[in-house]
Each structure stands twice: as structure tokens, then as C-alpha cells.
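Student: So the sequence shown is numbered by my numbering: it starts at 5 and just counts up by one. The C-beta atom is built at its ideal place from N, Cα and C for all residues, glycine as well.
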Amino acid sequence: MPDKQRTIKKATTVSGTGLHTGLNANLTFKPAPANFGFKFQRIDLPGSPIINADIDLVVDTARGTTLEDNNAKIYTIEHVLAALTGLSIDNVLIELDKDEIPIMDGSSKYFVEALLEAGIVEQDAKREYIIIEKEIIYKNEPNKIEIIKNTNIIFFII
């Protein structure tokens, strides 16, 4: 994993239909400064409110992950965030002209392709990591679920 934070070289846009709303949406990835993280901006709403990609802003997970802040919502964020994380990109502004991310083919493929086309650049800020060194066990006996992780896990903080 990179030691330095990363963003994209130039803006790039992906367009498509929202899975649940059926509306055509344009999503534009834009370069962002170090320590910015991932932020969504609803450019179709008055004041163009910004919503941080923050677990504390998750308001629904019934048919996808929904974030809400500043009187604005963003639906179905998983594939976009998977593309950014998979490419080790830390800082991007994600502009959207509707309330739902385009579904594309149901994967992150088209987002990854757009981000690679835009180019990835290293920034001057170092990444911070969390290292979990002890065993983690989760059990849900009524549903017969058990998850055990007993090796080092490294997370990076954005």
C-alpha cells in the first residue's frame, strides 16, 4: 500500500442510470487536496451541499447504502467507494447531479476505468494506518453466523 495519500490528476465524468430511481445521472470525480477524504456534492440542489463519506451519516442500508447530511441524500454509494479504495485513492470530490449513483453494469468496473483514465497522483501528506493486532470474533448464533479474523489487519485512515 502507498505511504503517501493520492488523488486523481484531472476530473472525469461517468454517466448512467440509477438502479432504484431510474434517473440518468452524471457523476464527476474531481481532484482534491490532501486530507480531504471522499466527499459527495449534490450540484443539482440549492447551495450544492456536500456529504462526507462517513459511517455516521449512513441513514439506510435497505437497498444500498444511503448517506444524508445538509438536507441532501446520496443513494447506492458502494461501487464508487469500492473503486476509489481499490485503487488506493484517498482524496476525491464526487459531484453528482441526481440523488443516486449510476449503477452502470452493477460493478465498479466503469468507475475504475474512469479513474485510471484521469490518472492517479501522489500527494505530500502521509497516510495514517490503524493496525488491529488481536483476534476479532463475531458470533450471531440465531442466524448461525461466525466470523473470526486472527491475523494482522491494516486499515488506512482518510
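1. Please report how far the alpha carbon of Val96 lies from the alpha carbon of Phe42, in whole angstroms.
2. Counting only C-beta atoms, is Lys138 closer than 8 Å to chain B at any point?
3. According to the Cβ coordinates, are Asn39 and Ala129 closer than 8 Å?
4. Where does the unbroken beta strand (DSSP E) through Glu167 begin, and where does it stop?
5. On the criterion of 16 or more Cβ atoms from any shown chain inside 10 Å, does Ala36 qualify as buried, or is it exposed?
6. Using the rule of at least 16 other Cβ atoms within 10 Å of the residue's Cβ for burial, across every protein chain shown, is Ala122 buried or exposed?
7. Starting from the C-beta of Leu61, find all residues in its chain whose C-beta is less than 8 Å away, skip the five residues before and the five after it, and write them out in chain order.
8. By a C-beta neighbour count over all protein chains shown, 10 Å radius and 16 as the cutoff for buried, is Ile151 buried or exposed?
9. Suppose you measure from the CA of Tyr142 to the CA of Ile149; what does that come to, to the nearest Å?
10. With a CB to CB cut of under 6 Å and the five nearest residues on each side skipped, what residues in its chain are close to Ile162?
11. Keeping to the same chain, check which residues put their C-beta closer than 7 Å to that of Ala87; ignore five residues upstream and five downstream.
Tutor: On the basis of the coordinates in this document:
1. What you label residue 96 is simply residue 92 of the sequence shown in a count that begins at 1. What you label residue 42 is simply residue 38 of the sequence shown in a count that begins at 1. Take the alpha-carbon of Val96 and the one of Phe42: they are about 5 Å apart.
2. Among the protein chains of the structure shown there is no chain B, as only one such chain exists.
3. Working through the sequence shown from its first residue, we reach residue 39 at position 35. Working through the sequence shown from its first residue, we reach residue 129 at position 125. A distance below 8 Å separates the beta carbons of Asn39 and Ala129.
4. Residue 167 cannot be examined here, being either before or after the span of the chain that is shown, 5 to 162.
5. Position 32 of the sequence shown holds residue 36. Around the beta carbon of Ala36, a 10 Å sphere encloses 16 or more other beta carbons of the protein chains shown; the residue is thus reported as buried.
6. Numbered from 1 along the sequence shown, position 118 holds the residue referred to as residue 122. So Ala122 ends up on the buried side.
7. Numbered from its first residue, the sequence shown carries residue 61 at position 57. Excluding positions up to five away in sequence, the list reads Ile55, Leu71, Glu72, Asp73.
8. Counting from one through the sequence shown, the residue named residue 151 turns up at place 147. Ile151 comes out exposed.
9. What you label residue 142 is simply residue 138 of the sequence shown in a count that begins at 1. What you label residue 149 is simply residue 145 of the sequence shown in a count that begins at 1. Going by the C-alpha atoms only, they are around 8 Å apart.
10. Within the sequence shown, the letter at position 158 stands for residue 162. For Ile162, the predicted structure reports a pLDDT of 46, less than 50, and the residue's modelled location is therefore unreliable. A value from the coordinates is still provided. So the list reads Gly41, Asp94, once near-sequence residues are dropped.
11. Locating residue 87 in the sequence shown gives position 83, counting from the first residue. Excluding sequence neighbours, Ala87 sits near Ser112, Phe115, Val116, Leu119.
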